[in-house]
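This report refers to the structure that appears directly beneath it.
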Amino acid sequence: MSSQAELDKVIRSEYEAGFTTLVESDTLPPGLNEDIIRVISAKKEEPEWMLEWRLEAYRHWQEMPEPGWAHLNYPPVDYNSISYYSAPKSMEDRPQSLDEVDPELLETYKKLGIPLHEQEMLAGVAVDMVFDSVSVATTFKAKLAEAGVIFCSISEAIREHPELVRKYLGTVVPKGDNFFAGLNSAVFTDGSFVYIPKGVRCPMELSTYFRINEANTGQFERTLIIADEGSYVSYLEGCTAPQRDENQLHAAVVELVALPGAEIKYSTVQNWYPGDENGKGGIFNFVTKRGVAHDNAKISWTQVETGSAITWKYPSVVLRGDNSVGEFYSVALTRHAQQADTGTKMIHLGKNTKSTIVSKGISAGRSNNSYRGLVRMGPRAENARNFTQCDSLLLGDTCGAHTFPYIESKHPSATIEHEATTSKVSDDQLFLCRQRGIDPEKAISMIVNGFCKEVFKELPMEFAVEAGKLLEVSLEGAVG
Amino acid sequence: MLEIRDLHAAVGGKAILKGLNLTVKPGEVHAIMGPNGSGKSTLANVLAGRDNYEITGGEALFEGKSLADLEPEERAQLGLFLAFQYPVEIPGVSNMEFLKAALEATRKAQGKEEWDSVTLLRKAREACKQVNLDAQFLKRGVNEGFSGGEKKRNEIMQMLLMEPKLALLDETDSGLDIDALQTVARGVNSLRGPERGIVLVTHYQRLLDYIVPDHVHVLSNGRIIKSGGKELALELEDKGYGWLTGEEGESA
Ligand SMILES: Nc1ncnc2c1ncn2[C@@H]1O[C@H](COP(=O)(O)OP(=O)(O)OP(=O)(O)O)[C@@H](O)[C@H]1O
Ligand SMILES: [Mg+2]
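These protein sequence lines are chains C and Y, in that order. If you're matching positions, the first sequence starts at 1436 in this note's numbering and goes up one per residue. If you're matching positions, the second sequence starts at 10 in this note's numbering and goes up one per residue.
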């Protein structure tokens, strides 16, 4: 009679059954301790050294205070109320069709012009795996293998390429680097791994997009990209469509290693749920992204950020080798009650190192948008050069833009240039557009796109078009 | 096509136009002259619908519709074009992109066929040529770093493409060298036709040598105080405004 009671009993007993059952279950109970980490590691069938690495990170993390210096305001996160592992939803648990998906999300997909089957994929609809992107992904893999490129999930890499992972993991962002990186090191569940062999130019742009249906990207993502000597890779993270996501806290770590003469171009479009007008329900995004550039190597970060309730993110480059180059191009748009504290760090260690920072902040609504950048010229950084340009654009009178540039120079021959501007979309500009028949929303998005042009031109072509459309959608209703 | 009756308007709360009357019929070219600060640009901005330019009395009808009821973009879509006295820069938005958005919006509203990008580019190049602007200007940001004269020619280039019913040109001649003046005049004349009205705001008779007006009006202190034919401009050139504005004593 009471099949429900039966079911409840089974579920309960699973929790009581201890470790082995935990490993088999889909979602771990909330809370964080060494056992939880052991379970995660066991679930991923990781070698012993990996588990040890995680445990060390966890022990260190427990001693660390949460950073309080950013220009952000958020309620304290209870790290024991989070579940640190959940498997991808099974087909039965997912929405069975787009009819069951939040109409607002669908509306956005439509505006972005996303094809139907991709909408289904993004919204997590249970669909037959035989759709275009799968076959795309397959041909794509064959081509990469031919070039000797390794592109897989980090879990797979830990099992299949332990020598590479062990050699580089945590060398760019050490386990104890900062509070959020420490947490990530202890509990990361998945992410991407890329290795480009010596002298190879990766035959295509690598995109997380192709991995979307095979990986549970999760809230503690870990990415490691290694470009061996003289190689080149362009990596695209994310997708312009807002993804369904139930995790409030995201703390990812991305490590880039550009060996001598290599070049890594890393582009991100981030569009997580920013929350409603009052910031309710949005995602907290605390990311550590850093790259090390060896002799004659180049690392370039390009990002377009419109999502998250709170963003704390400073993609950085350590210019370790002589003649290495670091670049940071960023567009951050905040609206409603969003808060963003982003920027970069360029750490010049080698001689003749060169860095460029172009940051464009756009604020609307009651949002706050801060740029925080550090340029450090080390004692060996002879003839090092930096150029920084920070522009802020305000839409309306209730938002804020802030710049916090930090400069430390330990070498007399280093040159550092900094330019900063703050402007408003002027009534004159808006009137010119309207006088030519263009409606105000379109006009604003055109003006904002123009403001971002220097950054957009750094994005791969297709991404740039999408980023433009994304801004347009994000700005809807920002006029007035 | 344009009927202005007893128009009163204020800018930021200050009364500037004080009972202005003007009628423009299809095919006519009107010149408006008058001292600095008399309200010429105000008139143009009121007609185009700029924020803070408020109609406080009377009416302005364009194609039978009351302009006060229309948003600026709706007026533009109906075929009203304003060439600005001080064209503003829009950094990073290319001229071409801007033209595309403008033409898409207006041509659609006017039921004209849409131009594909190839046609648009060809037309835009032709228009550039007509005002003697290098086609490179299409790639640059709207007015971004343009010289004064280039900005003015850029306005005319836009006008040629948009083929408005009524064109208001606010001191398009000022800041142009003599050759450019003739180029611009030729451009404007090419647009002259039985369907179109043109209102030129200018300080100089010289422009009117090239674009011969049907009517000339003198605007002073928010009102048209004298109207006449093209010879009025010559007379003004000769005598200035004093004899009209009464600075040499009130006269009847
Ligand atoms: N925002 C404003 N607030 C107050 N007064 C204004 C404002 N804008 C314009 N005015 C005033 O309105 C009057 C008319 O200005 P307008 O620009 O129409 O003159 P104009 O005839 O075009 O002059 P010019 O020949 O110098 O171009 C001027 O006295 C000017 O100072
Ligand atoms: Mg004027």
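Positions of the beta carbon are idealized from the N, C-alpha and C atoms, including for glycine.
Under 7 Å from any heavy atom of ligand 2, by CB: list those residues in chain order, please. The set, ordered by position in the chain, is Lys49/Y, Ser50/Y, Gln94/Y, Asp179/Y, Glu180/Y and Val210/Y.
* Would Ser1702/C pass as a contact of Thr1737/C if the rule is Cβ separation under 8 Å? -> One-based indexing of the first sequence puts residue 1702/C at position 267. One-based indexing of the first sequence puts residue 1737/C at position 302. Cβ atoms of Ser1702/C and Thr1737/C: closer than 8 Å.
Applying the criterion that 16 or more other CB atoms from any shown protein chain within 10 Å of the CB defines a buried residue, is Thr1456/C buried or exposed? Here residue 1456/C corresponds to residue number 21 of the first sequence, with the count starting at 1. Note that Thr1456/C scores a pLDDT of 49, beneath 50, so its modelled location is shaky; the value from the coordinates is reported in the next line. When all chains shown are included, Thr1456/C counts as exposed.
At which residues does the beta strand (DSSP E) containing Trp1747/C begin and terminate? By one-based count along the first sequence, residue 1747/C stands at place 312. In the DSSP annotation of this structure, the continuous segment of the beta strand (DSSP E) that includes Trp1747/C starts and ends at Ile1745 to Lys1748.
Just to make sure I have the definition right: I need the residues of chain Y whose C-beta is within less than 7 Å of the C-beta of Gln1870/C. Which are they? Here residue 1870/C refers to the residue found at position 435 of the first sequence. Per Cβ cutoff of 7 Å: Ala57, Pro81, Ala85 and Leu91.
Inset, instruction - Tell me whether Ala1772/C sits in a helix, a strand or coil according to DSSP, three-state version. - result: On the first sequence, residue 1772/C is found 337 positions in, with the first residue counted as 1. Looking at Ala1772/C - three-state DSSP - the assignment turns out to be coil, as it is neither helix nor strand.
In three-state DSSP terms, what is Pro100/Y?
-> Taking the second sequence and counting its residues from 1, the one referred to as residue 100/Y is at position 91. Three-state DSSP puts Pro100/Y in a strand.
Report yes or no: is there a C-beta of chain C within less than 8 Å of the C-beta of Gln167/Y? For the purposes of this step, residue 167/Y is identified with residue 158 of the second sequence, where counting begins at 1. Chain C places a beta carbon closer than 8 Å to that of Gln167/Y, counting this residue as a contact.
(request) Look at the alpha carbon of His39/Y and the alpha carbon of Arg215/Y, and state the distance between them as a whole number of angstroms. (result) For the purposes of this step, residue 39/Y is taken as residue 30 along the second sequence, with counting starting at 1. For the purposes of this step, residue 215/Y is taken as residue 206 along the second sequence, with counting starting at 1. If I take the Cα positions, the gap works out to 15 Å.
Where Met1499/C falls: helix, strand or coil (DSSP): Along the first sequence, one-based indexing puts residue 1499/C at 64. In the structure shown, Met1499/C sits in coil (DSSP, three-state: anything other than H, G, I, E or B).
>> Please classify Ser126/Y as buried or exposed, where buried requires at least 16 neighbouring CB atoms within 10 angstroms.
In response: Taking the second sequence and counting its residues from 1, the one referred to as residue 126/Y is at position 117. So Ser126/Y ends up on the exposed side.
For Ser1858/C, collect the residues of the same chain with a Cβ closer than 7 Å to its Cβ; drop the 5 residues on either side in sequence, then sort them by chain order. Translated into the one-based positions of the first sequence, residue 1858/C becomes position 423. If we look at Ser1858/C and ignore the five residues flanking it on each side, its Cβ neighbours are Leu1828.
Are the beta-carbon atoms of Pro96/Y and Lys160/Y separated by less than 8 Å? For the purposes of this step, residue 96/Y is taken as the residue at position 87 of the second sequence. For the purposes of this step, residue 160/Y is taken as the residue at position 151 of the second sequence. A Cβ-Cβ contact shorter than 8 Å links Pro96/Y with Lys160/Y.
Flag Gly46/Y as yes when its Cβ comes closer than 7 Å to any non-hydrogen atom of ligand 1, and as no otherwise.
In the second sequence, residue 46/Y corresponds to position 37, counting from 1. Here the distance from the Cβ of Gly46/Y to the nearest heavy atom of ligand 1 is below 7 Å.
* To do: Just tell me which of His17/Y, Gln94/Y, Phe71/Y and Trp124/Y has its CA closest to the CA of Thr32/Y.
  => Along the second sequence, read from residue 1 onward, the residue named residue 32/Y stands at position 23. Of His17/Y, Gln94/Y, Phe71/Y and Trp124/Y, the residue nearest in Cα terms is Phe71/Y.
**Reduced DSSP category for Gln1531/C - H, G, I as helix; E, B as strand; rest coil** = Against the first sequence, residue 1531/C aligns to sequence position 96. In this structure, Gln1531/C counts as coil in the three-state DSSP scheme.
Could you give the distance in angstroms between the alpha-carbon of Lys1633/C and the alpha-carbon of Glu1483/C? Against the first sequence, residue 1633/C aligns to sequence position 198. Against the first sequence, residue 1483/C aligns to sequence position 48. Looking at the two C-alpha atoms, the distance is approximately 30 Å.
(Q) Can you tell me where the alpha helix (DSSP H) holding Cys1587/C begins and where it ends? (A) As a working note, residue 1587/C is residue 152 in the first sequence. No alpha helix (DSSP H) holds Cys1587/C; the beta strand (DSSP E) holding it covers Ile1585 to Ser1588.
Would you say Leu1867/C lies against chain Y (beta-carbon separation less than 8 Å)? The residue given as residue 1867/C occupies position 432 in the first sequence. Chain Y contact via Cβ: present.
Does DSSP put Met1564/C in a helix, a strand or coil? Taking the first residue of the first sequence as position 1, residue 1564/C is located at position 129. With a pLDDT of 36 at Met1564/C, under the threshold of 50, the predicted position of this residue should be treated as unreliable, and no value is reported.
Next on the checklist: I need the DSSP call for Tyr250/Y, collapsed to helix, strand or coil.
Outcome noted: Here the question's residue 250/Y lines up with position 241 in the second sequence. Secondary structure at Tyr250/Y: coil, using DSSP grouped into helix, strand and coil.
*Taking 7 Å as the cut-off, is the CB of Ile25/Y close to at least one heavy atom of ligand 1?*
To locate residue 25/Y, count along the second sequence from 1; it is residue 16. Indeed, a heavy atom of ligand 1 lies less than 7 Å from the Cβ.
- Going by beta carbon distance, what residues of the same chain come within less than 8 Å of Asn1508/C, once the five residues before and after it are set aside? Your numbering for residue 1508/C matches position 73 in the first sequence. Only residues of its own chain outside the window of five on either side were considered, and among them Gln1774 have a CB closer than 8 Å to the CB of Asn1508/C, listed in chain order.
- Query: On the premise that Val1629/C lies in contact with Val1668/C, defined as a C-beta separation below 8 Å, what is that separation, rounded to the nearest angstrom?
  - Reply: One-based indexing of the first sequence puts residue 1668/C at position 233. One-based indexing of the first sequence puts residue 1629/C at position 194. Confirmed, about 6 Å.
**Prompt:** Closer than 7 Å: is that where the CB of Val1753/C sits relative to any heavy atom of ligand 1?
**Reply:** Working through the first sequence from its first residue, we reach residue 1753/C at position 318. No, Cβ of Val1753/C sits at least 7 Å from all heavy atoms of ligand 1.
Contact with chain Y by Met1896/C, beta-carbon distance below 8 Å: In the first sequence, the residue the question calls residue 1896/C occupies position 461. So, not an interface residue.
Report, in whole angstroms, the separation of the C-beta atoms of Met171/Y and Ala118/Y, which I expect to be a contact under 8 Å.
As a first step, residue 171/Y must be located in the second sequence, where it is residue number 162. As a first step, residue 118/Y must be located in the second sequence, where it is residue number 109. With a Cβ gap of about 12 Å, Met171/Y and Ala118/Y do not count as contacting.
- [ ] Flag Thr192/Y as yes if its beta-carbon sits less than 8 Å from any beta-carbon of chain C, otherwise no.
- [x] By one-based count along the second sequence, residue 192/Y stands at place 183. No Cβ of chain C is located within less than 8 Å of the beta carbon of Thr192/Y.
Going along chain C in order, which residues have a C-beta closer than 9 Å to the C-beta of Asp60/Y? Counted from its first residue, the second sequence places residue 60/Y at position 51. Going along chain C in sequence order, the residues near Asp60/Y (Cβ under 9 Å) are Asp1862, Leu1865 and Phe1866.
Val20/Y beta carbon near ligand 1 (any heavy atom closer than 7 Å):
Locating residue 20/Y in the second sequence gives position 11, counting from the first residue. The answer is yes for Val20/Y.
Is it the case that the CB of Asn1818/C approaches a heavy atom of ligand 3 more closely than 7 Å? The ligand content of the structure shown is limited to ligand 1 and ligand 2, which means ligand 3 is not among them.
Determine which residues of the segment 148 to 166 of chain Y have a Cβ less than 8 Å from any Cβ of chain C, and write them out in chain order. For the segment 148 to 166 of chain Y, the beta-carbon criterion of a distance under 8 Å to any beta-carbon of chain C is satisfied by Gly150 and Val151.
Determine, using beta carbons only, whether Asn1720/C and Ser1751/C come nearer to each other than 8 Å.
-> Counting from 1 along the first sequence, the entry for residue 1720/C is found at position 285. Counting from 1 along the first sequence, the entry for residue 1751/C is found at position 316. No, the pair does not count as a contact, with Cβ atoms beyond the cut-off.
- prompt: Excluding the five sequence neighbours on either side, which residues of its own chain have a C-beta within less than 6 Å of the C-beta of Ala148/Y, listed in chain order?
  reply: Translated into positions along the second sequence, residue 148/Y becomes position 139. Here residue 148/Y turns out to be Lys, not Ala, going by the sequence shown. So the list reads Ser103, once near-sequence residues are dropped.
message = Counting only beta-carbon separations shorter than 8 Å, does Ile25/Y have a partner in chain C?
response = Looking up residue 25/Y in the second sequence gives position 16. Chain C contact via Cβ: absent.
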